[in-house]
Amino acid sequence: MHQKVLLKWIWIIYLFVMAWLLFGGRLASPHPFGACNPIPFSTISSQLSLLDQGLAHRRFALVNLVGNVVMFVPAGYLVPQLFPRFQRFLPFLGLFLLCICGVEVVQFVTGLGTLDVDDVILNLVGVLAGYLLFRCHKKFITKEKTK
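Be aware that the sequence shown starts at 52, since it is given in the numbering used here, and climbs by one per residue.
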């Protein structure tokens, strides 16, 4: 029971941090809408090409690529832990496709970011990694309880 309460608090704090990372801490674009990249792997490939362009470019590329994955891993782990309905893969995937695409649209419409299909791809990799951790943890805990 205490673990569930702790996970709920972690989830709430995580949501506030994510809201700040995704929508706060930067000024709106001078244009009414943000930029848009509908071409899969376009941003990813340009970021990968920056890796050999010097330290500043490398740091920017790594923060962008790794950050877009890592920041969604906790969501992929916590959501099925806290909401049993999303322990099944298809409801889980549907929820995060809607949420991630929703974030991208809000960033685009408000000018607080870009609508980038590569962000969707990288964010999904992150939530899927978190979901995999959840499944492994669940399997391990189940085995431990049956011993």
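We put the beta carbon where it would ideally sit given N, CA and C, even for glycine.
Under 9 angstroms between the Cβ atoms of residue 154 and residue 73? yes
Assuming the contact rule is C-beta atoms closer than 8 angstroms, residue 85 and residue 164 should be a hit. Round their C-beta distance to whole Å, please. 6 angstroms
CA-to-CA distance, residue 120 to residue 146, given in whole angstroms: 17 angstroms
Between the beta-carbon of residue 168 and the beta-carbon of residue 88, is there less than 9 angstroms? yes
Inter-stretch contact (C-beta, 8 angstroms, three-pair minimum) for the region 176-185 and the region 102-111: no
At which residue ranges does the region 109-158 contain complete alpha helix (DSSP H) runs of 4 or more residues, listed in the order of the chain? 124-133
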